[in-house]
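In the working numbering, the protein residues as written are 193 to 801. Built from N, CA and C at the ideal position, the CB exists for glycine as well. Fair warning: this is a prediction, and the values are worked out from it, not measured in the lab. Below: the structure, in structure tokens.
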Amino acid sequence: MRKDSIRNIAIIAHVDHGKTTLVDGLLKQSGTFQAHQNVEDRVMDSMDLEKERGITITAKNTAIFYNNIKINILDTPGHADFGGEVERSLNLVDGALLLVDASEGPLPQTRFVLKKALERDFPIILVINKIDRSDARINEVVDEVYDLFIDLDASDKQIEFPIIYSNAKEGIAHNNLNDKSTDLIPLFNTILDNIKGPKIIDTKVPQFLITSLDYDSYVGQIAVGRLNNGELSMNKFYSLCTNSGIKANQKFAALYTFNGLNKVQVEEVEAGDIIAFAGIENISIGDTVSDNENPVPLPRIEVDEPTVSMLFYVNNSPFAGQDGKYLTTRHLSERLNKEILSNVSLKVVATERTDVFEVRGRGELQMAILIETMRREGYEFMVSKPQVITKEEEGKTFEPMEKVFLDIPEEKVGIITEKLSLRKGKMTNLQNNGTGRVNLEFSIPSRGLIGFRSQFMTDTQGAGIMNKLFDGYSPWFGPIPQRNSGAIVADRNGKVTTYACIGMADRGELIVSVGTEVYDGMIIGERNRDGDLNVNITREKKLTNMRAAGSDSTVNLRPPKQLSLDQCIEFIAEDELVEVSPISIRLRKMELDQNKRASQKKKEKYSGQ
Ligand SMILES: Nc1nc2c(ncn2[C@@H]2O[C@H](COP(=O)(O)OP(=O)(O)OP(=O)(O)O)[C@@H](O)[C@H]2O)c(=O)[nH]1
Ligand SMILES: [Mg+2]
């Protein structure tokens, strides 16, 4: 039976094509907010880091009512590193709105999300968004989407998708480009007409798949998901089907349905709806809540495997414990294990050292978000350079590959091609649009892209656009040259002085400012040539030099380069670490003792590495 009083849909697209903005419009026009209520832009991007970065990081659901029909909407992230969130969300819905920017057209993540939706044979509604853009090329973009469907082997039925043209910012949707509609009603109607209500069996044993976890300081952990069949009510007992067995006699402390951005507490919930509960302990994503006597678990959620890993170390730097609340092995291990309960695309693997954990994920941005979140919570720890996760097959090593799509000014083709070929990239397509910009496509080992983004931004003076898409595995490509500049490293503890900084002007670029406390082995700058340079950055001017004493202030000291967390992660080499605490981000050599570093170097040279 189909439950026609409910619709469950996901909004999927490449990053920035307007998903969250469209949800704002749907929320507002469905009368979810009170007339006087002041609603901020992109209200679904509720996490601090989402607001700061202007991107969606975790998929979230909201519910609106239109013509007495409840539409549960899942807003998903468009950045490739959070692709696991899209895969997870698709478990909750019966159809998808595929948003495509009217000027940019389908981009790599459009392909990824559409492929995932077609695999489930979902009905798709194509929404060409940002039709107000002066550089919109609507008809071309529609054709490109058809090409994409064909390329993904869509069936004839799948290709017969309806098309809506929208300006999500203004909350306008048209069925045809020359429509005069001034609201989103055409989109609401297209959703109701094309995406059917959930298929359910009311009388079957209840089956509820935990698809996301939330936390409420009052009731504790909350599980969100879709009740596929049956019903759930308070005061009854259920089974929790976990990875490690079935636990019977579970009872809810609260049951909720969604209305707008709020959860509404109810006594029972009906099949087909997206609901939440509190009160059952030790749950994780992928668990099923089912009948107490005859539980029937649903298949666990599967997402693509992680491709990068980073090591998380307990902070053992000389400044350890100065800023953080949580520092120990136990703190770090508990926090990381909590993360994997709610983040399906991350994995945590133990290492030979008890104070080091390997965290596996989809990309550097996903890692940076986790690190930033933890540091804001009061954690202090260190992380290593991201590494790719290789596979062994028939005695051979395979490494993850990526397709990179670049849109750059014509005059930058030379330098970018050169940089990418050093990193083992191979150009697979070049298209000159005759507009002064060129589209390039490369096939490259993921390893070659680690740390490339900031170099790309510098080389294109910020005018380049880079997108990438995971592209399977290829045999190991051999060594790829690392950062070609060395680090400037403090050779003793102390405070950075103006005098010492002035002396560094022609040695490279500093990343610490005058007055910063540094330690022996801490990285204080990027050298302008190969090899590390150990320096005394705490040097004071000799007192005998009295006459020049006043001249310090007249020397124009170049301000230090400020590295963001993402840039620090990109910057470090294999023998370096980023040390993060709630207050500071420092870079250091893994081995703080310079004599030991020197002898390690010698050994490497000797062994021909
Ligand atoms: N001109 C124009 N801008 C739009 C439109 N829709 C969204 N935008 C803008 O596009 C930018 C990205 O919008 P978001 O809604 O955050 O995009 P998103 O798809 O949710 O992005 P991610 O969640 O990070 O993948 C914002 O600056 C919006 O104001 C539109 O129809 N026209
Ligand atoms: Mg968004």
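Considering only the alpha carbon of each residue, which of the options lies closest to residue i?
i: residue 273; options: 491, 537 and 221; result: 537
i: residue 266; options: 260, 286, 259 and 258; result: 286
i: residue 803; options: 699, 706, 751 and 754; result: The first residue shown for the chain is 193 and the last is 801, placing residue 803 beyond what the model contains.
i: residue 407; options: 441, 470 and 396; result: 470
i: residue 484; options: 396, 720 and 446; result: 396
i: residue 500; options: 243, 553, 702 and 713; result: 553
i: residue 776; options: 713, 570 and 751; result: 570
i: residue 729; options: 216, 722 and 695; result: 695
i: residue 296; options: 521, 722, 337 and 261; result: 337
i: residue 597; options: 448, 609, 391 and 294; result: 609
i: residue 262; options: 254, 268 and 269; result: 254
i: residue 386; options: 226, 343, 493 and 201; result: 201
i: residue 451; options: 218, 716, 692 and 669; result: 218
i: residue 756; options: 298, 704 and 341; result: 704
i: residue 355; options: 434, 638, 319 and 332; result: 319
i: residue 324; options: 357, 340, 316 and 303; result: 357
Run through DSSP, which three-state label would residue i get?
i: residue 742; result: Confidence is the limiting factor: at residue 742 the pLDDT is only 49, short of 50, which leaves the residue's position unreliable and the question unanswerable from this model.
i: residue 272; result: helix
i: residue 209; result: coil
i: residue 195; result: coil
i: residue 307; result: helix
i: residue 480; result: strand
i: residue 400; result: strand
i: residue 283; result: helix
i: residue 502; result: strand
i: residue 798; result: helix
i: residue 462; result: coil
i: residue 148; result: For the chain, the structure presents residues 193 to 801; residue 148 sits outside this window and is missing.
i: residue 650; result: helix
i: residue 488; result: coil
i: residue 700; result: strand
i: residue 267; result: strand
i: residue 226; result: coil
i: residue 507; result: coil
i: residue 473; result: coil
i: residue 425; result: strand
i: residue 635; result: strand
i: residue 553; result: strand
Terminal residues of the continuous beta strand (DSSP E) containing residue i?
i: residue 589; result: 588-601
i: residue 573; result: 573-576
i: residue 619; result: 618-624
i: residue 416; result: 412-421
i: residue 663; result: 657-667
i: residue 784; result: Residue 784 -> no beta strand (DSSP E), and no H or E assigned at all.
i: residue 254; result: 252-258
i: residue 585; result: 583-585
i: residue 179; result: The question about residue 179 has no answer here: the residues shown for the chain are numbered 193 through 801.
i: residue 680; result: 679-682
Considering residue i, what are the terminal residues of the alpha helix (DSSP H) in which it resides?
i: residue 361; result: Looking at the DSSP string, residue 361 is not in any alpha helix (DSSP H), and its letter there is neither H nor E.
i: residue 714; result: Unbroken run through residue 714 is the beta strand (DSSP E), 714-719; no alpha helix (DSSP H).
i: residue 539; result: Note, residue 539: premise wrong, no alpha helix (DSSP H); beta strand (DSSP E) at 539-542.
i: residue 386; result: 377-386
i: residue 639; result: 638-641
i: residue 564; result: 556-568
i: residue 531; result: 521-534
i: residue 690; result: 690-695
i: residue 242; result: 240-245
According to DSSP, which residues form a beta bridge with residue i?
i: residue 433; result: 438 and 480
i: residue 338; result: BP columns for residue 338 are empty, so no partner.
i: residue 407; result: 413
i: residue 629; result: 601
i: residue 778; result: 771
i: residue 450; result: 455
i: residue 518; result: 571
i: residue 293; result: 321
i: residue 725; result: 680
i: residue 709; result: 687
i: residue 579; result: 501
i: residue 356; result: 319
i: residue 200; result: 264
i: residue 468; result: 416 and 448
Using 8 Å as the cut-off, classify the Cβ of residue i as near or not near the heavy atoms of ligand 3, replying yes or no.
i: residue 359; result: In the structure shown, ligand 3 is absent; the only ligands present are ligand 1 and ligand 2.
With a cut-off of 9 Å, does the C-beta of residue i fall near any C-beta of chain B?
i: residue 320; result: Among the chains in the structure shown there is no chain B, since it carries only a single protein chain.
In chain order, what are the residues with a CB under 5 Å from some non-hydrogen atom of ligand 2?
211, 212 and 248
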